[in-house]
Amino acid sequence: MVDTTGNNEKMMGAVAYLVGPLTGILLLVTEKKNAFVRFHAMQSTLVSGGFILLYVVLAIIPIIGWLILTILSFIMPLLSFILWIVLMWKAYSGEKYKLPYFGDLAEKQLEKLGK
Numbered sequence: 005m006v007d008t009t010g011n012n013e014k015m016m017g018a019v020a021y022l023v024g025p026l027t028g029i030l031l032l033v034t035e036k037k038n039a040f041v042r043f044h045a046m047q048s049t050l051v052s053g054g055f056i057l058l059y060v061v062l063a064i065i066p067i068i069g070w071l072i073l074t075i076l077s078f079i080m081p082l083l084s085f086i087l088w089i090v091l092m093w094k095a096y097s098g099e100k101y102k103l104p105y106f107g108d109l110a111e112k113q114l115e116k117l118g119k
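Numbering (this note's numbering), first residue to last: 5 to 119.
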């Protein structure tokens with residue numbers, strides 16, 4: 005189990021976003037008590053999973069999906085990088101920053117898991 009007391013809690017919250025769903029899922033499995041770390045791990049998993057799902061769906065849809073994916077390929081890397089930095093910084097600052105939709109969804113999923 006991960007020790008998430010004090011400053012380590014903030015660091016682990018930031019680490020949840022480091023490698024997207026991989027670190028998110030790893031922390032969800034290893035951290036059973038700390039609600040702060042579990043929230044950021046779940047939000048990280050859902051947000052990064054959402055990006056991956058969006059790319060896969062658009063890649064499957066012929067022509068229109070490919071056009072949208074081509075346009076997004078110029079914008080999304082920069083936007084996702086900025087979001088990644090902001091979320092890591094907010095977690096490291098000790099803030100339970102909830103993204104629209106994904107923050108509420110993360111809380112609901114954690115409730116279902118029984119925190």
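Ideal Cβ positions, reconstructed from N, Cα and C, are used throughout, including at glycine. Quantities reported herein were computed from a predicted structural model and do not represent experimental measurements.
What's the gap between the Cα of V90 and the Cα of S97?
10 Å
At the level of alpha carbons, what is the spacing between L58 and E13?
When the Cα atoms are used, L58 and E13 turn out to be separated by approximately 31 Å.
Beta-carbon within less than 7 Å of Q47's beta-carbon, same chain only, minus the 5 sequence neighbours each way: which residues are those?
L103, F106, G107, A110
One question on the structure: do P25 and T49 come within less than 7 Å of each other, judged by their Cβ atoms?
yes
Does the Cβ-Cβ distance between V41 and L30 come in under 7 Å?
no
Could you give the DSSP three-state label for E99: helix, strand or coil?
coil
How far does the alpha helix (DSSP H) with L22 in it extend, from its first residue to its last?
Per DSSP, L22 belongs to no alpha helix (DSSP H) and is neither H nor E.
Grouping DSSP H, G and I as helix and E and B as strand, with all else coil, what is E35?
coil
Buried or exposed: V23, going by 16 or more other Cβ atoms within 10 Å of its Cβ?
Under the 10 Å beta carbon count, V23 is surrounded by fewer than 16 other beta carbons and is classified as exposed.
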